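For reference, the structure is listed below as structure tokens.
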Amino acid sequence: MTATLAPDDAGIAEAARLLRQGELVAFPTETVYGLGGDARSDHAVARIFEAKGRPSFNPLIVHLPDLAAVEAVAIVGPVARDLALAFWPGPLTLVLPLREDAGVSPLVTAGLSTVAVRVPEHPLAQRLLRAFGGPVAAPSANPSGRVSPTRAAHVLEGLSGRIAAVLDGGSCAVGLESTIVLADPDTNSHPVLLRPGGLPLEALEAALGRPLGMAGDAGKPTSPGQLASHYAPEAGVRLDAVTARPGEVLVGFGPVRGALSLSESGDLVEAAARLFQTLREADRLAGPAGHIAFAPVPERGLGRAINDRLRRAAAPRG
Ligand code: TXA
Ligand code: MG
Numbered sequence: 027m028t029a030t031l032a033p034d035d036a037g038i039a040e041a042a043r044l045l046r047q048g049e050l051v052a053f054p055t056e057t058v059y060g061l062g063g064d065a066r067s068d069h070a071v072a073r074i075f076e077a078k079g080r081p082s083f084n085p086l087i088v089h090l091p092d093l094a095a096v097e098a099v100a101i102v103g104p105v106a107r108d109l110a111l112a113f114w115p116g117p118l119t120l121v122l123p124l125r126e127d128a129g130v131s132p133l134v135t136a137g138l139s140t141v142a143v144r145v146p147e148h149p150l151a152q153r154l155l156r157a158f159g160g161p162v163a164a165p166s167a168n169p170s171g172r173v174s175p176t177r178a179a180h181v182l183e184g185l186s187g188r189i190a191a192v193l194d195g196g197s198c199a200v201g202l203e204s205t206i207v208l209a210d211p212d213t214n215s216h217p218v219l220l221r222p223g224g225l226p227l228e229a230l231e232a233a234l235g236r237p238l239g240m241a242g243d244a245g246k247p248t249s250p251g252q253l254a255s256h257y258a259p260e261a262g263v264r265l266d267a268v269t270a271r272p273g274e275v276l277v278g279f280g281p282v283r284g285a286l287s288l289s290e291s292g293d294l295v296e297a298a299a300r301l302f303q304t305l306r307e308a309d310r311l312a313g314p315a316g317h318i319a320f321a322p323v324p325e326r327g328l329g330r331a332i333n334d335r336l337r338r339a340a341a342p343r344g
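In structure tokens, the structure reads:
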């Protein structure tokens with residue numbers, strides 16, 4: 027069952043211990059409660075999606091205690107640094123280029139080459155991140171499609187029995203998710219607002235000294251979700267395959283055996299944890315002109331999110 031941990035040293039230590047064991051712990055931030063798991067662990071991150079019942083693998087925000095810790099995960103260019111110095115800790119998330127040696131699970135970034143990072147201000151979030159000592163992936167701690175929780179009791183209403191613990195920090199001061207800004211110097215000369223949130227646009231523009239780009243403007247990504255569709259394999263993809271056709275790399279699941287397998291035992295959490303690295307591996311094996319076939323994955327639990335990702339990988343390219 028889900029433990030409620032008190033906001034004291036013992037509660038923080040227990041929450042950090044659970045995270046180290048790959049368990050899920052909900053914790054307060056100044057925006058909303060986050061559903062935290064070790065961002066380096068494919069398995070822990072897969073369980074976040076399972077607990078939320080998310081029908082798709084949206085990329086998650088990585089929570090870190092300070093800018094120095096962020097720099098181990100992401101490349102912080104000059105504009106991002108100005109925003110970080112102005113607003114961290116606080117309700118701002120920056121989408122930045124992922125460092126190659128970040129060690130973050132590809133499930134966190136949905137296989138993208140960027141990563142969303144945030145330094146929360148809430149003192150319990152700060153203490154937990156420092157006690158844990160690693161990156162924490164955390165979407166809002168609510169079942170998919172429900173409103174974000176701003177009290178520990180809201181977290182329990184939605185997720186009791188599905189997560190190890192909730193750290194009870196009372197109610198969240200901001201109550202709105204963080205504002206998300208894309209500040210990737212490689213793809214944008216100019217930062218872009220991806221999601222309005224707890225940090226007002228006016229404050230951002232005052233710090234930048236110029237207007238922000240808006241998602242949806244010409245040449246700008248229209249939504250964070252759209253970015254998630256960018257990683258598609260080079261190879262053609264066929265679904266619901268039980269045997270490989272000539273020249274195909276078959277990715278098995280359960281009893282369907284292939285060159286690779288998402289999970290030989292048919293475990294959906296394991297399959298989700300392996301999904302993005304297996305897509306890349308199959309792509310490499312198939313080569314640019316090659317073909318990948320995927321065994322059927324059941325349309326239940328995490329299988330819905332896995333199938334959503336596979337259908338997008340198999341969709342005709344524009
Ligand atoms: O206030 C918040 O931001 C809360 C607390 C817990 O920190 N977290 C939160 O997470 O709202 P979530 O998972 O509900 O929202 C994450 C958003 C999604 O819209 C996702 O698409 C976007 O961040 N996102 C994450 N990584 C991204 C990336 N690499 N590129 C673009 N968007 C990204
Ligand atoms: Mg959410």
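Per this note's numbering, the sequence shown starts with residue 27, numbered consecutively.
Glycine included, each C-beta is placed from N, C-alpha and C at the ideal position.
Keep in mind the model is a prediction, meaning the values are calculated, not measured.
> In whole angstroms, what is the alpha-carbon distance linking SER291 and PHE279?
Replying inline: Here the question's residue 291 lines up with position 265 in the sequence shown. Here the question's residue 279 lines up with position 253 in the sequence shown. Between SER291 and PHE279, the C-alpha separation is close to 8 Å.
>> Could you check whether ILE318 and ALA261 sit closer than 9 Å to each other, using their CB atoms as the reference points?
In response: The residue given as residue 261 occupies position 235 in the sequence shown. The residue given as residue 318 occupies position 292 in the sequence shown. Yes, the pair counts as a contact, with Cβ atoms nearer than the cut-off.
> Taking the alpha-carbon positions, what's the PRO81 to GLY103 distance?
Replying inline: Here residue 81 refers to the residue found at position 55 of the sequence shown. Here residue 103 refers to the residue found at position 77 of the sequence shown. It is roughly 34 Å from the alpha-carbon of PRO81 to the alpha-carbon of GLY103.
>> I need the boundaries of the beta strand (DSSP E) containing PHE75, first residue and last residue.
In response: Here residue 75 refers to the residue found at position 49 when the sequence shown is read from its first residue. PHE75 -> not in any beta strand (DSSP E); alpha helix (DSSP H) instead, spanning 68 to 78.
>> Alpha carbons only, please: which of LEU336, GLY316 and ALA315 is nearest the one belonging to GLU325?
In response: The residue labelled residue 325 in the question sits at position 299 within the sequence shown. Closest by C-alpha distance to GLU325, out of LEU336, GLY316 and ALA315, is LEU336.
> Is VAL99 closer than 9 Å to LEU86 when the C-beta atoms are compared?
Replying inline: As a working note, residue 86 is residue 60 in the sequence shown. As a working note, residue 99 is residue 73 in the sequence shown. In this structure, VAL99 does not lie closer than 9 Å to LEU86 by Cβ.
> Between the beta-carbon of SER204 and the beta-carbon of THR119, is there less than 9 Å?
Replying inline: Taking the first residue of the sequence shown as position 1, residue 204 is located at position 178. Taking the first residue of the sequence shown as position 1, residue 119 is located at position 93. In contact: SER204 and THR119 (Cβ atoms closer than 9 Å).
> With ALA106 and LEU122 assumed to form a contact (beta carbons below 8 Å), what rounded beta-carbon distance in angstroms separates them?
Replying inline: By one-based count along the sequence shown, residue 106 stands at place 80. By one-based count along the sequence shown, residue 122 stands at place 96. The Cβ separation is near 6 Å, so the contact holds.
> By Cβ distance below 8 Å, which residues in the same chain neighbour LEU150 in space, the five residues on each side in sequence not counted?
Replying inline: On the sequence shown, residue 150 is found 124 positions in, with the first residue counted as 1. Excluding residues within five positions, the ones whose Cβ falls inside 8 Å are PRO33, ILE38, PHE53, PRO54, LEU193 and GLY195.
> Using the rule of at least 16 other Cβ atoms within 10 Å of the residue's Cβ for burial, across every protein chain shown, is TRP114 buried or exposed?
Replying inline: Position 88 of the sequence shown holds residue 114. It counts as buried.
>> Taking the beta carbon of ARG300 as the centre, do at least 16 other beta carbons fall within 10 Å, making it buried, or is it exposed?
In response: For the purposes of this step, residue 300 is taken as residue 274 along the sequence shown, with counting starting at 1. Answer is buried; the Cβ neighbour count reaches 16.
>> Can you tell me whether LEU111 is buried or exposed? The criterion is at least 16 other CB atoms within 10 Å of its CB, across all chains shown.
In response: Mapped onto the sequence shown, residue 111 falls at position 85. The residue is exposed, with fewer than 16 neighbouring Cβ atoms inside 10 Å.
> Thinking just about the alpha-carbon of each residue, which of LEU230, VAL143, LEU202 and HIS216 is nearest to the one in GLY223?
Replying inline: Locating residue 223 in the sequence shown gives position 197, counting from the first residue. When each option's Cα is compared against that of GLY223, the closest is LEU202.
> Contact between the segment 130 to 140 and the segment 229 to 237: three or more CB pairs below 8 Å?
Replying inline: no
> Rounded to a whole number of angstroms, what is the C-alpha to C-alpha distance between ARG236 and GLN152?
Replying inline: In the sequence shown, residue 236 corresponds to position 210, counting from 1. In the sequence shown, residue 152 corresponds to position 126, counting from 1. The straight-line gap from Cα to Cα measures roughly 31 Å.
> Under a Cβ-count criterion, where at least 16 other Cβ atoms within 10 Å of its own Cβ denotes burial, should GLY60 be classed as buried or exposed?
Replying inline: The residue given as residue 60 occupies position 34 in the sequence shown. Buried is the call here.
>> Give me, in chain order, the residues of the same chain whose beta-carbon lies closer than 7 Å to that of VAL42; leave out the 5 immediate sequence neighbours on both sides.
In response: For the purposes of this step, residue 42 is identified with residue 16 of the sequence shown, where counting begins at 1. What sits at residue 42 in the sequence shown is Ala, not Val. The residues are LEU154, ALA157 and PHE158.
>> Comparing C-alpha positions only, which one of ARG306, ALA298, GLN303 and PRO259 sits nearest to PRO342?
In response: The sequence position of residue 342 within the sequence shown is 316, counting from 1. The shortest Cα separation from PRO342 among ARG306, ALA298, GLN303 and PRO259 belongs to PRO259.
> Out of curiosity, what's the CA-to-CA distance linking ALA36 and ARG46?
Replying inline: Counting from one through the sequence shown, the residue named residue 36 turns up at place 10. Counting from one through the sequence shown, the residue named residue 46 turns up at place 20. Answer to the nearest angstrom: the Cα atoms are 15 Å apart.
> Can you list, in chain order, the residues of its chain whose CB lies under 6 Å from that of PRO250, leaving out five sequence neighbours each side?
Replying inline: Against the sequence shown, residue 250 aligns to sequence position 224. Only weak support exists for where PRO250 lies, its pLDDT of 49 falling under 50; the coordinates are left without a value.
> If you drop the 5 nearest sequence neighbours on each side, which residues of the same chain put their C-beta closer than 6 Å to that of ALA340?
Replying inline: Start at 1 with the first residue of the sequence shown, and residue 340 comes out as number 314. Only VAL263 and LEU265 meet the Cβ criterion.
>> By the DSSP assignment, the alpha helix (DSSP H) with LEU336 in it spans what residues?
In response: Taking the first residue of the sequence shown as position 1, residue 336 is located at position 310. Where LEU336 is concerned, the enclosing alpha helix (DSSP H) stretches over 328 to 340.
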